[in-house]
Amino acid sequence: MALGSALMVIISRNPVHSVLWLIVTFFAISGHYIMMNAQFLGIVNLIVYAGAIMVLFLFVIMLMNLNAETEPKKNKWLKMAGIIAGGCLLLVLVAALKDAEVKSSTVQLVDGEIGLIKQLGHVLFTEYVVPFEVSSVLFLSAMVGTVVIGKKGD
Amino acid sequence: MNGLQFEALLPYTLLAAASLVVILLIAFRLSHTVIQITGFILMCAVMVALLQASALLPVAIYPIFQIDGFALLFTGLLVLCVMVVGLFSFIYFEEREENPKEYYILLFLGTLGAAVLSISSHFISLFIGLELLSVSLYALIAYLRNRNNAVEAGIKYLVLAAISSAFLLFGMAMIYMETGSMEFATIAKKLQTSNGHSILFITGTGMMVVAIGFKLALAPFHLWAADVYEGAPTPVTAFIATASKIGVFAVLLRFFQTIGLSNYPMVITVFLVLAVASMIIGNLLALRQQNLKRLLAYSSIAHFGYLLVAFLPGNAAGVQVAVFYLLSYSITLLIAFGVITLLSSREQDTGDLALFRGLFWKKPVTAAVLTLALLSLAGIPLTGGFLAKFFVLATGAQQQLWFPVTVLVITSVIGLYYYLRVISTLFGEAVPTPVKKTLHPFFYLTTYTSLIVMVVLLCWLGTFPNDVIEYINRQLLIR
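Just so you know, the protein sequences line up as chains Y and F, in that order. Residue numbers for the first sequence follow this note's numbering, beginning at 1 and rising by one. Residue numbers for the second sequence follow this note's numbering, beginning at 1001 and rising by one.
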């Protein structure tokens, strides 16, 4: 489901259809998270991506008024080069990883509650409190950057 | 977290606080001069805090950070670079932007990112540090947004850095899948107990090398370097060339050492190829450049190739040499970019080599300073660059890495040609140009003084390196 709708995102000619398929993809991914007992991640994924970011996407597309006709002609050779490069990466990765046996003991869940909000908060504010604070600085930096670049010229 | 850990983290907290102080100063509408001086004082405070913290080391904030002598050396180097970059920024931005103040917030935040990289011993802190560094850099590169060049450079860096972050995360995920841990030491322990070389781990490391290679502009991932160096404001270029690369290199060294990657022949081969390719491509492409900023970009690609030769053996001597090399390299590059900043006009940065023609007859001191910096980059005796390159060669030869050592020698000779070409331009026939009046005598004076102090430091490093090497050794033993 996720793969199919992700494929549809790329194949669709109409950008609005692409965005709608993208929403389906996000729902499918959230479903995966919830099935893996990571409820918090699933819900956040829905709210942030399927909710906020998709609305932004739709607005941008509406404001830009993209149509299939106005789309600039892409260079054929560039397309070919892209396909070859992507195919090479896929080939290398598949070749490298096909022999890798995934051990059954790689990730052992202590109990089924690891994805719950309570556990997450506990870990976040004890063991990982410093990176948590640093990531707040990261957002500050992103905010300052956007304001600086987006400021109206005078 | 206990008191000791807080005290050891103090320099980093101060760095974060510095950016907040600048925000507050902007909110109170204080002048550029006040902000510049406050920023300088804050950086001095960070240095003092670092010296204070050095008595407490090593301190580990398990499992995220490892603050030891190694981290201290790199953070100190970073803060010194940023001090100098900040000094250059004043005369550069005072002439150009209506409002050059936000620049300092981003500069300090970027430094914090690089400093976090140098103390991180966990994938999470690595990633957050790297993102903090790159997010600040996106905005810094495109800071002069009225210039097409700058915006182009910013977008290029944004797209490529985002892709490289994706590679980094994928690599981390693979290593986590294999070992079940994101902390360097635990990963190393898990790898020792598991028999044989696991494919997942090697592939994950390969993915991470792509991201690191991008940040360090190593050869197959170097395509952004010249355009970004040329398009970014000159002080920002100096920041990218020194501080951001120092931070990334620090975390690479720590990862490499903790995991003991030198035991994996495959990884060594990959780094060998990167080093040789960087040396050859960097030096060859620099030959044809007509712009000093682009030339320095290619030269820095080559220099990180040289640095990887010292890094390949993965022993303690390699780390010591790497620190010394980074020290002399950053001083040299800061001098070169400082000169470009001084000569830049209001409309555009002085990069074109034609503009440097006959500089010696107009501004003898500036030309002499630039000449010394270029000689150091080329590795002429009596400068820091020569000894740094000599130590790299010595470490490589000790480990019998004959192939990269030979390439290093040959490419250095090629490199000498284009450095000398620039120098000969400096002493060529002068073209009359209108004299630019200086706006801020005080800041021009301090910039000149800092340039001359750095040149003296460079020569001191080249003639009496013992004190510095002993200091580096002593710090590296604290772990």
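Every residue, glycine too, gets a C-beta built ideally from N, C-alpha and C. Every value quoted in this text rests on a predicted model; they were computed, and no experiment measured them.
| Query | Result |
| --- | --- |
| Assumed close pair A1139/F, L1191/F - CB separation to whole angstroms, cut-off 8 Å | About 39 Å; that fails the 8 Å criterion. |
| Check whether S1125/F and A1071/F have beta carbons under 8 Å apart | no |
| Status (buried if at least 16 other CB within 10 Å, exposed otherwise) for L1015/F | buried |
| Under 8 Å between C-beta atoms of L1132/F and S141/Y | yes |
| Any chain F beta carbon closer than 8 Å to V60/Y | no |
| Buried or exposed (CB count within 10 angstroms, at least 16 for buried), P131/Y | buried |
| Per-residue contacts from F1065/F into chain Y (C-beta, under 8 Å) | V130 |
| Assigned secondary structure, Q1399/F (DSSP; H/G/I helix, E/B strand, else coil) | coil |
| Distance between beta carbons of I29/Y and N45/Y, contact taken as under 8 Å | 6 Å |
| Chain Y contacts from the stretch 1092-1114 of chain F (Cβ-Cβ distance under 9 Å) | E1098, N1099, E1102, Y1103, I1105, L1106, L1109, G1110, L1112, G1113 |
| Beta-carbon proximity of A1322/F to A1310/F, cut-off 8 Å | yes |
| Neighbouring residues, chain Y, relative to V1210/F (Cβ below 9 Å) | Here the premise fails: no neighbours, minimum Cβ distance about 10 Å. |
| Extent of the continuous beta strand (DSSP E) run through V1059/F | 1059-1061 |
| In DSSP terms, what E1183/F is bridged to | H1122/F |
| Burial state of C1044/F, where buried means 16 or more other Cβ atoms lie within 10 Å | exposed |
| Pick from V1022/F, R1145/F, F1360/F that is closest to Q1036/F, judged by C-alpha positions | V1022/F |
| Collapsed DSSP secondary structure at Q1066/F in the structure displayed | strand |
| L1218/F beta carbon less than 8 Å from that of S1278/F | yes |
| Same chain, Cβ closer than 6 Å to F1090/F, five either side skipped, listed in chain order | Q1036, F1443 |
| Minimum Cβ-Cβ distance from G145/Y to chain F less than 8 Å | yes |
| Euclidean distance between Cα positions of L1458/F and S1328/F | 7 Å |
| C-beta atoms of I149/Y and R1096/F nearer than 8 Å | no |
| Beta-bridge pairing of D1352/F - partner residues as DSSP gives them | N1291/F |
| Stretch pair the stretch 1168-1175 of chain F + the stretch 1216-1230 of chain F: three plus CB contacts closer than 8 Å | no |
| Chain-ordered neighbours of V24/Y on chain F, where CB pairs are closer than 9 Å | Those within 9 Å of V24/Y in chain F number zero; the least Cβ separation is about 22 Å. |
| When L1057/F, A1055/F, A1211/F, F1108/F are compared against T1013/F, the one with the closest alpha-carbon | F1108/F |
| Proximity to Q1052/F [Cα-Cα], best of V1151/F, R1421/F, D1068/F, T1179/F | D1068/F |
| Cα-Cα separation, G1110/F to T1234/F | 16 Å |
| Chain F contacts made by the stretch 34-61 of chain Y, where a contact means CB separation under 7 Å | none |
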